[in-house]
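Engineer: Below is a structure I'd like to ask you about.
Numbering (our numbering), first residue to last: 4 to 247.
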């Protein structure tokens, strides 16, 4: 599609595809993600046409000759100039690879992933019942089947699956039993405030630090924001000294 394709004409003035692209780019970021959707583009074009229609109507009503319009235009000009000047102030701000690596090395605690386990459980009210279920599992009954049949926890419908959890996410007694259990081992009964549990650990992940490459872009964005804020603050101080 040519950037100069004429999409509509309002009062003798053409609206081109370039005008539409500029209009879409002025929209909030969450709306711009639909820019390639034909229905969204048609809706945006309708909005742009309507805006031009009202602008023409306002000219015919000589609203551009009113003091209100002149005041709004004056303030808008200042806002546009301020926005352009701010953009110019932060335009050259960059973050180097070395800066990112230095931040990563000096703040490794930010990127730590705590140890976690993936486990399933069966919850019942009585210890005797919990022991009875354990005996059935030892005798060959599948843990998941027993969970569906006996567990009072909603997770029972998923075979008792709790997914992954780290330390501090479960009650103390449950957490200690799960983190101390061997993979594949069924432990219990474990008493908590909720009742009695049988726990089967599916997997364990030791504490680790997320690799630099996985957090590199996050670090770049954070450092860039910090450096832009500093450049902005320094310029504000400079301008206050000059103009105030």
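Note that CB positions come from ideal geometry on N, CA and C, so glycine has one too. These numbers come from a predicted model, not from an experiment.
Report, in whole angstroms, the separation of the C-beta atoms of residue 188 and residue 204, which I expect to be a contact under 8 Å.
Structural biologist: 7 Å
Engineer: Only counting the same chain, and skipping five residues up and downstream in sequence, which positions put a Cβ closer than 7 Å to that of residue 103?
Structural biologist: 219, 222, 223, 226
Engineer: State the DSSP-derived secondary structure class of residue 199, mapped to helix, strand or coil.
Structural biologist: Strand at residue 199.
Engineer: Taking 8 Å as the cut-off, does the stretch 207 to 219 touch the stretch 151 to 166 (at least 3 CB pairs, one atom from each stretch)?
Structural biologist: no
Engineer: Between residue 5 and the rest of its own chain, which residues show a CB-CB distance below 6 Å, the 5 nearest in sequence each way excluded?
Structural biologist: Any reading at residue 5 must be qualified, since the residue scores a pLDDT of 47, below 50, and its modelled position is unreliable; the value itself is stated next. None.
Engineer: Taking the straight line between their C-alpha atoms, what separation do you get for residue 232 and residue 88?
Structural biologist: 14 Å
Engineer: Between the Cα of residue 97 and those of 125, 242, 230, 145, spot the shortest distance and give me the residue it belongs to.
Structural biologist: 230
Engineer: Are the CB atoms of residue 137 and residue 191 within a distance shorter than 8 Å?
Structural biologist: yes
Engineer: May I ask which residues mark the beginning and end of the alpha helix (DSSP H) holding residue 90?
Structural biologist: 70 to 93
Engineer: Excluding sequence positions up to five away, which residues of its chain have a Cβ less than 7 Å from the Cβ of residue 184?
Structural biologist: Residues 190, 202, 204 of the same chain have their beta carbon placed closer than 7 Å to that of residue 184, with the five preceding and five following residues left out of the count.
Engineer: Does DSSP classify residue 8 as helix, strand or coil?
Structural biologist: Correct three-state label for residue 8: coil.
Engineer: Ignore the nearest five residues each way along the sequence and tell me which others in residue 80's own chain have a CB closer than 8 Å to its CB.
Structural biologist: none
Engineer: Which first and last residues belong to the alpha helix (DSSP H) in which residue 3 is found?
Structural biologist: Look at the range of the chain in this structure, 4 to 247, and you will see that residue 3 is not part of it.
Engineer: Within the chosen definition, does the stretch 14 to 32 reach the stretch 41 to 53 through at least 3 CB pairs nearer than 8 Å?
Structural biologist: yes
Engineer: Would you report the Cα separation of residue 122 and residue 35, rounded to the nearest angstrom?
Structural biologist: Approximately 42 Å between the Cα atoms of the pair.
Engineer: Quick check: the Cα distance between residue 243 and residue 90, rounded to an integer number of angstroms?
Structural biologist: 18 Å
Engineer: In chain order, which continuous runs of the beta strand (DSSP E) of length 3 or greater are located wholly inside the stretch 172 to 232?
Structural biologist: 189 to 195, 198 to 208
Engineer: Leaving out five residues before and five after residue 130 in sequence, what residues of the same chain have Cβ atoms less than 8 Å from its Cβ?
Structural biologist: 192, 194, 199
Engineer: For residue 108, which option in 239, 215, 241 has the closest C-alpha, if you only look at C-alpha atoms?
Structural biologist: 215
Engineer: Do you know offhand how far residue 72's Cα is from residue 46's?
Structural biologist: 28 Å
Engineer: By how many angstroms is the C-alpha of residue 119 removed from the C-alpha of residue 240?
Structural biologist: 48 Å
Engineer: Out of curiosity, what's the CA-to-CA distance linking residue 115 and residue 99?
Structural biologist: 23 Å
Engineer: Taking only the alpha-carbon atoms, compute the straight-line gap between residue 105 and residue 112 and give it to the nearest angstrom.
Structural biologist: Residue 105 and residue 112: Cα-Cα distance of roughly 13 Å.
Engineer: Where does residue 96 fall in DSSP's three states?
Structural biologist: coil
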